[in-house]
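Read left to right, the sequence shown gives residues 20 to 119 (this note's numbering). Don't be surprised by glycine CBs; every beta carbon is placed ideally from N, CA and C. As the structure is a computational prediction, the values presented were derived from the model and not from experiment.
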Amino acid sequence: MAVSVRMEPLLERELELAAKRQGVTKSQFIIAAVERALGRKDPAQLYHQVMEEAAQYRVGEGVADADLPAHQSALRESLRERYAQQQDDYAAYLAQRGKP
């Protein structure tokens, strides 16, 4: 069913921008807002559901480097090196900040 809503141009512009930020159409944005207002979509409940699902994932329990294809193993090593370099750079930055 179609519903028309009249609103001030400034409010409509804010609606357009908010919908664009979320990557949805104005209609989808309005429907979600109405569902929340009517209690059909509880953000806290959705948050808890997502957190419960995310808790099932195990970080760091992946495949051993030796079991990966060569390109994936090389990528993983490159990322580890980059992370170590960032840690070293940050430690040097903190040490430099501590000096007068």
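Three-way DSSP call (helix, strand, coil) for residue i in this model
| i | result |
| --- | --- |
| residue 24 | coil |
| residue 61 | coil |
| residue 53 | helix |
| residue 117 | helix |
| residue 69 | helix |
Straight-line Cα distance separating residue j from residue i
| i | j | result |
| --- | --- | --- |
| residue 25 | residue 54 | 19 Å |
| residue 50 | residue 31 | 15 Å |
| residue 67 | residue 116 | 40 Å |
| residue 109 | residue 101 | 12 Å |
| residue 89 | residue 98 | 14 Å |
| residue 103 | residue 93 | 15 Å |
| residue 107 | residue 85 | 27 Å |
| residue 69 | residue 36 | 26 Å |
| residue 114 | residue 43 | 46 Å |
| residue 111 | residue 95 | 24 Å |
Opening and closing residue of the alpha helix (DSSP H) in which residue i lies
| i | result |
| --- | --- |
| residue 82 | Neither: residue 82 is in no alpha helix (DSSP H) and is coded neither H nor E. |
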